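> Under full-length UniProt numbering, think of the first position of the sequence shown as 1, with each following residue one higher.
Each residue gets a CB set at the ideal place from its N, CA and C atoms; glycine is no exception.
All values reported here derive from a predicted model rather than from experimental measurement.
Structure in structure tokens, see below.
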Amino acid sequence: LEDKVEDKGWEAWGEAQLRSYLRAQVLSGVALPLTYPASPEDKARGIVQPVPPAVMRQLLSADLLHTYEEALVRFFLNESECLQACPRPGCTNAIHCLDPQRGRLLFDVTCECGHRFCWHCLREAHYPMPCSMLSTWQMACADADDSAA
């Protein structure tokens, strides 16, 4: 590992320092992917070097690596237009939501866990009612409940 650090120009960073740096990055929820500490010159030029997975496996504990990998998946799903995490508490599945016949996003989807939900608003499946109409209807119901109380 020392050779990799030196080869990349971070001679001042030994294994212990790099381990500590990566641990702090994971625990702080830093932007992804994890990168090596940048030299002042690289920082000024906006150059970053991602840390390879093999180095992370060598330097991070299993728990920290798991935390990082979960954050990476969440980041990927948040950035994706056609993948989304199931909103059911405790479910770790992701859903690919592109209608292969029409080539467009669907409204209601069913996760492998059996949970049916709207792709757009993540509430219970409500097709053919648009999300905005469902919101209006739910607000009207809440207002009626408040008036009755």
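1) What first and last residue would you give for the beta strand (DSSP E) that runs through H96?
2) When the Cβ atoms of the region 129–145 are set against those of the region 84–100, are three or more pairs found closer than 8 Å?
3) Classify L27: buried if its beta carbon has 16 or more other beta carbons within 10 angstroms, exposed otherwise.
4) Among R23, P37, H115 and A44, whose alpha-carbon lies nearest the alpha-carbon of C67?
5) Could you work out which residue in E81, S20, F117 and C118 is closest to Q58 when comparing CA atoms only?
6) Evaluate W137 with the Cβ neighbour count: other Cβ atoms within 10 Å of its Cβ, from every protein chain shown; 16 or more gives buried, anything less gives exposed.
7) Could you check if Q84 is buried or exposed, using at least 16 other CB atoms within 10 Å of its CB as the buried criterion?
8) Below 8 Å between beta carbons: does that hold for F75 and L32?
9) According to DSSP, what are the bridge partners of C118?
10) Start and end of the beta strand (DSSP E) containing L83?
11) Kindly indicate which residue of D146, A71 and R45 has the alpha-carbon position closest to the one of Q25.
12) If distances are taken between C-alpha atoms only, which option among A62, E69 and C113 comes closest to P87?
13) Under the DSSP definition of a beta bridge, which residues are partnered with T35?
14) Who are the near neighbours of H115 in its chain, counting only those whose CB is closer than 8 Å to its CB and skipping five residues on each side?
15) Run through the DSSP bridge pairs and tell me what residue 152 is partnered with.
Per the coordinate set shown:
1) A94 to H96
2) no
3) By the 10 Å Cβ count, L27 comes out exposed.
4) It is worth fixing the name first, because residue 67 is Thr in this sequence and not Cys. Closest by alpha carbon: R23.
5) S20
6) exposed
7) buried
8) yes
9) D108
10) L83 to A85
11) A71
12) C113
13) P50
14) C86, P87, R88 and C91
15) Residue coverage of the chain in this structure runs from 1 to 149, which leaves residue 152 outside it and unanswerable.
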